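Colleague:
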Amino acid sequence: MQILKDKKQQHIEHFDEYITNKSKLLTDQVITDTNFKPRPELEKNVVHYKKSNLFTDEMEKIKYEAFVEFIKQQIFLPQQQIDKEPSKESIKVLNDFIKKKKEELRTERIYKGLNAKHFQLISKLLQSITLYYHCFQLQLPLFESAPDLLKKIDENTVTTISTSTGSAGWAVSGDERDIKSPILYLTDGLLKEKILNDEDIIKDQKKINK
Numbered sequence: 003m004q005i006l007k008d009k010k011q012q013h014i015e016h017f018d019e020y021i022t023n024k025s026k027l028l029t030d031q032v033i034t035d036t037n038f039k040p041r042p043e044l045e046k047n048v049v050h051y052k053k054s055n056l057f058t059d060e061m062e063k064i065k066y067e068a069f070v071e072f073i074k075q076q077i078f079l080p081q082q083q084i085d086k087e088p089s090k091e092s093i094k095v096l097n098d099f100i101k102k103k104k105e106e107l108r109t110e111r112i113y114k115g116l117n118a119k120h121f122q123l124i125s126k127l128l129q130s131i132t133l134y135y136h137c138f139q140l141q142l143p144l145f146e147s148a149p150d151l152l153k154k155i156d157e158n159t160v161t162t163i164s165t166s167t168g169s170a171g172w173a174v175s176g177d178e179r180d181i182k183s184p185i186l187y188l189t190d191g192l193l194k195e196k197i198l199n200d201e202d203i204i205k206d207q208k209k210i211n212k
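All residue numbers for the sequence shown refer to the numbering used here, where the first residue is 3 and numbers rise by one.
1. Do Ile-77 and Tyr-113 have their C-beta atoms within less than 8 angstroms of each other?
2. For Glu-45, which option in Asp-30, Ser-25 and Thr-34 has the closest C-alpha, if you only look at C-alpha atoms?
3. Between which two residues does the alpha helix (DSSP H) holding Thr-109 run?
4. Would you call the CB atoms of Leu-107 and Tyr-51 closer than 8 angstroms?
5. Per DSSP, what kind of secondary structure is Asp-85 in: helix, strand or coil?
6. In terms of alpha-carbon separation, which member of Gln-122, Lys-94, Gln-12 and Cys-137 lies closest to Glu-60?
7. Could you tell me whether the segment 96-111 touches the segment 124-142, using the rule of 3 or more Cβ pairs below 8 angstroms?
8. Phe-38: buried (16+ other C-beta within 10 angstroms of its C-beta) or exposed?
9. Give me, in chain order, the residues of the same chain whose beta-carbon lies closer than 8 angstroms to that of Phe-99; leave out the 5 immediate sequence neighbours on both sides.
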């Protein structure tokens, strides 16, 4: 947010300087020519300033810089203070995930724009990174397998996993009806009941991978 505030202040000062200089020139013209109307000329100068200063491109850069700064302040710096030393593989998984999200923001068109919805999308990206970091911070047993696990969840309506301490599964609620449906976490017994009793969860044409 500080980056946005600093850039905003820079633009305000630059515009004030520009419009002040133009106004002085227009004032001189009014003095020498009483028929001269300064308002239309002043409006033209404002339009010209907007065209010559690409605010949209600048703001996109600022959004990305603010995104990167958030990651630095909230993820990378606190990472140095973790009590339990993380494994090399878990560090790689975290860095790869962050890199993927940064590239997503930089390249995908859905994030381009200055409306409230565009900033809300960025907020969701930051939430996912924060969640990922907390899992890393706790050194959860399955964190190193997260990329493969997330891929399976994305590709299948039902996903099950087994570990030395037990098993569990995920079922995507209302998968066919709503692409934004939440993921339902179930222990193996409850997942079995869900599959047996929910007629909508599995269709004949669906492929099931375990």
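C-beta: ideal position from N, C-alpha, C; glycine also. Note that the structure is predicted; figures quoted are calculated from it, not measured.
Modeller: A quick look at the data gives this:
1. no
2. Ser-25
3. 90-109
4. no
5. coil
6. Comparing alpha-carbon positions, the option among Gln-122, Lys-94, Gln-12 and Cys-137 lying closest to Glu-60 turns out to be Gln-12.
7. yes
8. exposed
9. Non-local C-beta neighbours of Phe-99 in its own chain, meaning closer than 8 angstroms and more than five positions away in sequence, comprise Ile-131, Tyr-134, Ala-148 and Pro-149, ordered along the chain.
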